[in-house]
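A.B. asks: Protein chains in written order, with our numbering: chain A, 1 to 260; chain B, 1001 to 1546.
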Amino acid sequence: MRAFKLCTSVFAVFLATINTLSAKQQTDTPSEVNDGRQLFIANCAVCHGPDGDSVPGVDLGHGKFKRASSYDDLVEIISAGVPGTAMPAFSKELSDIEMRTIVAYFRFMAANAYSTSAPGDPVRGKAIFEGKGECLNCHSVKNKGSRLGPDLAEIGAVRRMIELERSLLEPNAEILLQNRMVRLVTRDGITITGRLLNQDTFSVQLIDSKERLLSFQKSSLKEYAFVDKSPMPTYRDKLNPGELADLVSYLVSLKGIGGQ
Amino acid sequence: MNARAALLVSVVLSSLLSASISSGQVSFERILGADKEPQNWLTYSGTTLSQRHSLLNQITPANVKNLELQWIYQARSLEKFEATPLVVDGIMYTVQAPNHVIALDAATGRVFWTYSHHPVRGRPCCGRVNRGLAILDDILFMGTIDAHLIAIDAKNGRPLWDTTVASARSAYTITHAPLVIKDKVIVGTAGGEYGIRGFLAAYDAHTGKEVWRFNTIPGPGEPGHETWGGDSWKTGGGPLWMTGSYDPVLNLTYWGVGNPSPDWNGDDRPGDNLYSDSVIALDADTGMLKWYYQFSPHDEFDYDAVQVPVLADMEWQGKPRKVILWANRNGFFYVLDRATGQFLLGKPFVAVTWASGFDEKGRPVLLPGKVPSAEGTLISPGNPGGTSWYSPSYNPRTGLFYIPAWVNSSSLFVKAPVKYREGREYAGGTNRSTVAFDWSPAPNFRKEEEGYGAVRAVDPHTGEMRWEFKMADVTEGGILTTASDLLFSGGREGYFFALDARSGELLWKAAVGAAVQSGPMTYSVNGKQYVAVNAGTCLFVFGLRQ
Chain A
1 MRAFKLCTSV
11 FAVFLATINT
21 LSAKQQTDTP
31 SEVNDGRQLF
41 IANCAVCHGP
51 DGDSVPGVDL
61 GHGKFKRASS
71 YDDLVEIISA
81 GVPGTAMPAF
91 SKELSDIEMR
101 TIVAYFRFMA
111 ANAYSTSAPG
121 DPVRGKAIFE
131 GKGECLNCHS
141 VKNKGSRLGP
151 DLAEIGAVRR
161 MIELERSLLE
171 PNAEILLQNR
181 MVRLVTRDGI
191 TITGRLLNQD
201 TFSVQLIDSK
211 ERLLSFQKSS
221 LKEYAFVDKS
231 PMPTYRDKLN
241 PGELADLVSY
251 LVSLKGIGGQ
Chain B
1001 MNARAALLVS
1011 VVLSSLLSAS
1021 ISSGQVSFER
1031 ILGADKEPQN
1041 WLTYSGTTLS
1051 QRHSLLNQIT
1061 PANVKNLELQ
1071 WIYQARSLEK
1081 FEATPLVVDG
1091 IMYTVQAPNH
1101 VIALDAATGR
1111 VFWTYSHHPV
1121 RGRPCCGRVN
1131 RGLAILDDIL
1141 FMGTIDAHLI
1151 AIDAKNGRPL
1161 WDTTVASARS
1171 AYTITHAPLV
1181 IKDKVIVGTA
1191 GGEYGIRGFL
1201 AAYDAHTGKE
1211 VWRFNTIPGP
1221 GEPGHETWGG
1231 DSWKTGGGPL
1241 WMTGSYDPVL
1251 NLTYWGVGNP
1261 SPDWNGDDRP
1271 GDNLYSDSVI
1281 ALDADTGMLK
1291 WYYQFSPHDE
1301 FDYDAVQVPV
1311 LADMEWQGKP
1321 RKVILWANRN
1331 GFFYVLDRAT
1341 GQFLLGKPFV
1351 AVTWASGFDE
1361 KGRPVLLPGK
1371 VPSAEGTLIS
1381 PGNPGGTSWY
1391 SPSYNPRTGL
1401 FYIPAWVNSS
1411 SLFVKAPVKY
1421 REGREYAGGT
1431 NRSTVAFDWS
1441 PAPNFRKEEE
1451 GYGAVRAVDP
1461 HTGEMRWEFK
1471 MADVTEGGIL
1481 TTASDLLFSG
1491 GREGYFFALD
1501 ARSGELLWKA
1511 AVGAAVQSGP
1521 MTYSVNGKQY
1531 VAVNAGTCLF
1541 VFGLRQ
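Next up, the structure:
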C-alpha cells in the first residue's frame, strides 16, 4: 500500500508538470488547420471555449499541457478521454486523422496566441459597441441593432479573441462564406445589396440593409454578383488600443442566450 | 400531331404493348426485352444495357410544363433514399434505407406490403443506403447492409431464402441493386474503406446457392496477382457498389470495380493493383474474366470506377461497333469496345490534373508530383470525382451521352500511415475539399468558380461537350432520358427538372425540398405515364395534369 501511495504521489507530481510543446515541431497546412478549427468548434469549444481556456486549469491554446508531453499524447487523451473528469472519449465520434487535425489546430492556436497583457473591460466595450463604434448599425445582439451583418449574440462562443481583434482591424482578411455580400440589379433598374442567405440555380435569397428578407428569381435580374470586400470599416484609426481591447472583451463575453 | 392526338397514339401503343405481354411472372426473356414493354421498369437501369433511356413518349417537350405531382411516398427512414424503383404491371417495388422493401400501387402510392430486414451489423462508409432491387419470376432480390442476399416473394413480401454473401464483421456490405442474368442473381461487395477483398458472385435465383465467384483482387496463382506487392492483396479493397450491365449476344456482364485499399496511401500495395478501378467483363455463366480495362492504375485518389457501364451500339469511324460509354470518377470520359476491351477514346469531361492523357494502349500518362502527400496535394477532380455513382444516360435518338458532373472540384489529398484492423477504417489519409460542399438542405454561399454541378451532354464520338446545364450546387442526381427527347434530373439543391435533351434548355422544374440522390425512372399504368424520383427521404411521382 505504501508503495502504491508513493507511486500515486509521483504520478500527481507528473500531472502537475506543465509540458510546453513546440508549435514548430510540425508543419500544418492551412486546410488542415481549417478542418481542425471546425472540428474543435463543433466538438471541443462547447466546454473549452473558442480559445481553449474556459475549463479552469486547462489551456489548450498556448501549447502548454499538464497531461501530455507530446502531440501523440494529446491524440490519446482526445481518443480515450480523462477518467474522473468531464472530458469524454471521442474515439467513436472522431477518426484518428480528425483527432490529429484538432491537435494541428492546437499548434496553430499556440502560434497565433492572443496577448493577455492588456485585458479590456467588457462594460466599457459594450458602451463602445453601442456608441462610438456604431456596431449596431450593421450587427445585432439579442434583438438590438441591425440584422444586415452577422448576429453577434454568441460570437464569443465560436470565435477566438485574436480573430475578433483581427476582424476589427482587417475586416477583409477573412470573410466567412456565410457572411458574403451580394449585389443585384433588378430588371426595373433597382440596385440591392445585402448579405447572401442562400442561392440556387434559379433563385437567390438575401437580407438587405432595411432588414427585408428578399427572394428573387435570377431570371428577373439584370445583374447578380458577389461583393468581394467586407462592408465593415477598419477600426484601426477609430479606436485606440485600450478601446479596442475593451471592445474585444465585450465580444468575447457574448456567449449566446444561455451562456452569459 | 397535336397534343391530344399524341396522347391517343401513346395510350394505344401502351395498351397494345400491355396486351401482348402476359402479366405476372417476370421471365428473363421479359427482362432482356424490357425496352419492348416501356410501361414497366424491370431492372435497375431500365434494361440490361443500362442506358436509363425509356421509349415512353406521352410526356413531351411540348406538354412537360403540365407535369404535376401525383403522389408522394414518405420513407420511414432518415437515411439517404437512393433506390431506383422497379415497376411490374402496375406494382412498384422499392427499398427504404436500410433494408425495408415496399410494394406499392404505382398509380396511387398505396402500400400493399412491406418486408423489413434489420441488419445486425454493417459498417458502410457513407450511409446505410440501398439502391434497389432485382426481380425474376415472382421473386425480388435485395442485398443488405450486413452483406446478405435475400429473396422475397413479390406477392406477399415473405422471405424465401437468405444467403450470407460475406462477413459483416469484416465490414463487407451490399448497397447496390442486384442484377439478374438468366437463372442467376449477381451481387458484389462494398467496403473499400475497410480493407475488404472484394468479389462479385452469382447465386442460383431459386435456392440462393453460390454458382460462381470472381475475386476483384486476384489471389496467388491467379492472373493479376503480381500487381500487388507482398500480402497487400488480402486487404486490397476492390469493392463493387453499383449495378453492372449485360450483353446477351456476347453473354458478357460488365461491372465497375472500386478503389484499392488503403484509399490514399499506396506505399504498401506497389503495382497496378488489378482489378481495382477497372471495368471487368465476365462470362455470365461461369464468372470467367474475358477482358478488363483499368481506368486508374495504382489509384491513390479513391477514384472508384463504380459507374454504371452504359452499353451502346453505334457507328464508330464508319463501322458499327458495340461499345461501352463511361464517364469515370477520375474525370475522363471513355469509349471502349465491349467485345474486346479495346480503348477507343479517352477525354476529360471536367478539369483533370493527375494525368495528361493516354499512351497508345490507353494507359493514363501520369503527371509528376501529383500524388497524395503528408501536407496534402491539390488534385482535380477532387475526392468526390468528376462524377460518381449517379446514373448517366445515353439517348440513341440524340446520340448524346449525359453525365451528372461536378465541375471545378478539387481536393487536397493527404497521405498518412495506416495499419489494417479487421472491420476498421483502412484509408491511409484523408482528403480536404478546397471549398465546403455542405449536405442539403444547407444554404449555398459558393461562387460558381468554387465548384458547381451540371448535366453535361457529350458527343461519344469525340468526347466534346455539346451543351451544359449548370446548377448552383453540386449534384448526386442520376439522369433519365426518354424517346420524346426529354431529360430528367435533379441536384443537391432540391430541384427536379426536365431539359430538352437536344439543347439542354430548361423546360420544367419542381422544388422537391431536398437533394435528389437517386436516378429518375419512368413507367406507365393504364396508359398514363409517370416519372418517379427520390429526394430527401421521399419518393415523388409526377404525371401530366388530366
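Built from N, CA and C at the ideal position, the CB exists for glycine as well.
Here's a check: name, in chain order, each residue in its chain whose Cβ is nearer than 6 Å to the Cβ of Ala1097/B, leaving out the five neighbours to either side.
C.D. replies: Ser1077, Glu1079, Arg1128, Val1129, Asn1130.
A.B. asks: Would Trp1389/B and Gln1307/B qualify as a contact pair, given that the criterion is a beta-carbon distance under 8 Å?
C.D. replies: Their beta carbons are under 8 Å apart, which means Trp1389/B touches Gln1307/B by this criterion.
A.B. asks: Tell me which same chain residues have a C-beta within less than 7 Å of the C-beta of Ala1427/B, skipping the five on either side of it?
C.D. replies: Same-chain partners within the cutoff: Glu1193, Pro1262, Asp1263, Trp1264, Val1418.
A.B. asks: Does Ala1019/B get closer than 8 Å to chain A when you measure Cβ to Cβ?
C.D. replies: Residue confidence for Ala1019/B is low, a pLDDT of 39 falling below 50, so the modelled location carries little weight and cannot support an answer.
A.B. asks: Just curious, the beta strand (DSSP E) that Asn43/A is in, first and last residue?
C.D. replies: Segment 30–43 is the alpha helix (DSSP H) holding Asn43/A; no beta strand (DSSP E) there.
A.B. asks: Would Asp200/A pass as an interface residue toward chain B - the criterion being a Cβ-Cβ separation below 8 Å?
C.D. replies: Yes, Asp200/A lies at the interface with chain B (some Cβ there is under 8 Å from its Cβ).
A.B. asks: Tyr224/A and Val182/A look like a contact to me (Cβ under 8 Å); what is the Cβ gap, rounded to whole Å?
C.D. replies: Yes, Tyr224/A and Val182/A are in contact; Cβ-Cβ is about 7 Å, under 8 Å.
A.B. asks: Closer than 7 Å, Cβ to any Cβ of chain B: which residues of the stretch 80–98 of chain A, in chain order?
C.D. replies: Listed in sequence order: Ser95, Ile97.
A.B. asks: Step through the CB atoms of chain A and report whether any lies within less than 8 Å of the CB of Asn1383/B.
C.D. replies: For Asn1383/B, the answer is no, since every Cβ of chain A falls outside 8 Å of its Cβ.
A.B. asks: Taking the alpha carbon of Arg187/A as the reference point, which residue from Phe216/A, Arg147/A, Arg124/A has its own alpha carbon closest?
C.D. replies: Measuring from the Cα of Arg187/A, the nearest candidate turns out to be Phe216/A.
A.B. asks: Classify Gln1051/B: buried if its beta carbon has 16 or more other beta carbons within 10 angstroms, exposed otherwise.
C.D. replies: When all chains shown are included, Gln1051/B counts as buried.
A.B. asks: Is DSSP giving Ser1484/B helix, strand or coil here?
C.D. replies: Of the three classes helix, strand and coil, the one that applies to Ser1484/B here is coil, per DSSP.
A.B. asks: Tell me whether the stretch 1247–1255 of chain B and the stretch 1397–1416 of chain B touch, counting them as touching only if at least three CB pairs, one residue from each stretch, are closer than 8 Å.
C.D. replies: These segments do not touch.
A.B. asks: Quick check: the Cα distance between Trp1228/B and Leu1274/B, rounded to an integer number of angstroms?
C.D. replies: Going by the C-alpha atoms only, they are around 8 Å apart.
A.B. asks: Please identify the residue among Phe1497/B, Thr1522/B, Gly1527/B whose C-alpha is closest to the C-alpha of Gly1513/B.
C.D. replies: Residue Phe1497/B is the option with its Cα nearest to Gly1513/B.
A.B. asks: Please list, in chain order, all residues of the same chain as Cys1541/B whose beta carbon is under 6 Å from its beta carbon, the five residues on each side excluded.
C.D. replies: Note on identity: in this sequence residue 1541/B is Val, with Cys being the wrong assignment. Counting only Cβ-Cβ distances below 6 Å, and skipping sequence neighbours, we find Gln1070, Trp1071, Tyr1530, Ala1532.
A.B. asks: Is it a yes or a no for the stretch 1467–1480 of chain B touching the stretch 1334–1341 of chain B, going by three-plus beta-carbon pairs under 8 Å?
C.D. replies: Touching, no, given that fewer than three Cβ pairs across the two stretches are closer than 8 Å.
A.B. asks: Three-state secondary structure (DSSP) at Lys1290/B?
C.D. replies: Looking at Lys1290/B - three-state DSSP - the assignment turns out to be strand.
A.B. asks: From Ser1023/B to Asn1534/B, what distance separates their C-alpha atoms?
C.D. replies: Because the pLDDT of Ser1023/B is 49, which lies under 50, any placement of that residue in the model is unreliable, and the question is left without a value.
A.B. asks: Does the CB of Phe1445/B have a neighbour CB from chain A at under 8 Å?
C.D. replies: Phe1445/B counts as touching chain A.
A.B. asks: Going by C-alpha to C-alpha distance, which of Val1120/B, Val1185/B, Gly1221/B, Ala1327/B sits closest to Ala1351/B?
C.D. replies: Taking only the C-alpha atoms, the option nearest Ala1351/B is Ala1327/B.
A.B. asks: If you follow the beta strand (DSSP E) that Thr1522/B is part of, which residue opens it and which one closes it?
C.D. replies: Note, Thr1522/B: beta strand (DSSP E), 1521–1525.
A.B. asks: Across which residues does DSSP place Asp1313/B in a beta bridge pair?
C.D. replies: Partner(s): Lys1322/B.
A.B. asks: For Leu206/A and Leu214/A, which I take to be in contact (beta-carbon distance under 8 Å), what is that distance rounded to the nearest angstrom?
C.D. replies: About 6 Å separates the two Cβ atoms, so the contact holds.
A.B. asks: Please confirm whether Asp1277/B and Ala1305/B have their CB atoms less than 8 Å apart.
C.D. replies: Cβ distance < 8 Å, so Asp1277/B and Ala1305/B count as in contact.
A.B. asks: Please decide whether Asp1267/B counts as near chain A, where near means a Cβ-Cβ distance under 8 Å.
C.D. replies: Cβ-Cβ to chain A under 8 Å: no for Asp1267/B.
A.B. asks: I'd like the span of the beta strand (DSSP E) that includes Tyr105/A, first residue to last.
C.D. replies: Element bounds for Tyr105/A: not the beta strand (DSSP E) but the alpha helix (DSSP H), 96–111.
A.B. asks: Kindly indicate if chain A contains any beta-carbon less than 8 Å away from that of Tyr1420/B.
C.D. replies: Output row for Tyr1420/B: interface = no.
A.B. asks: Against chain A, does Lys1470/B count as a neighbour if the rule is that its beta carbon must be under 8 Å from one of theirs?
C.D. replies: Cβ-Cβ to chain A under 8 Å: yes for Lys1470/B.
A.B. asks: Glu1118/B bridges to which residues according to DSSP?
C.D. replies: Per the sequence shown, the amino acid found at residue 1118/B is His instead of Glu. Looking at the DSSP assignment, His1118/B forms no beta bridge with any residue, so it has no partner.
A.B. asks: Is there contact between the stretch 188–200 of chain A and the stretch 235–242 of chain A, where contact requires at least three CB pairs shorter than 8 Å?
C.D. replies: As far as the Cβ criterion goes, the stretch 188–200 of chain A does not touch the stretch 235–242 of chain A, which means the pair count is below three.
A.B. asks: Would you mind telling me which residues of chain A sit closer than 7 Å to Ala1416/B, beta carbon to beta carbon, in chain order?
C.D. replies: Those within 7 Å of Ala1416/B in chain A are Ile97.
A.B. asks: Could you tell me the alpha carbon to alpha carbon distance between Tyr1523/B and Ser1170/B, rounded to whole angstroms?
C.D. replies: The alpha-carbon atoms of Tyr1523/B and Ser1170/B are separated by roughly 39 Å.
A.B. asks: Using C-beta distances below 7 Å, list every residue in its chain close to Asp1138/B, excluding the 5 sequence neighbours before and after it, in chain order.
C.D. replies: Result list for Asp1138/B: Gln1025, Asp1153, Ala1154, Lys1155, in chain order.
A.B. asks: Which residues, in order along the stretch 177–189 of chain A, keep a beta-carbon less than 8 Å from a beta-carbon of chain B?
C.D. replies: Under the 8 Å Cβ criterion, the stretch 177–189 of chain A contributes Leu177, Gln178, Arg180.
A.B. asks: Closer than 8 Å, CB to CB, is Thr1235/B near chain A or not?
C.D. replies: Output row for Thr1235/B: interface = no.
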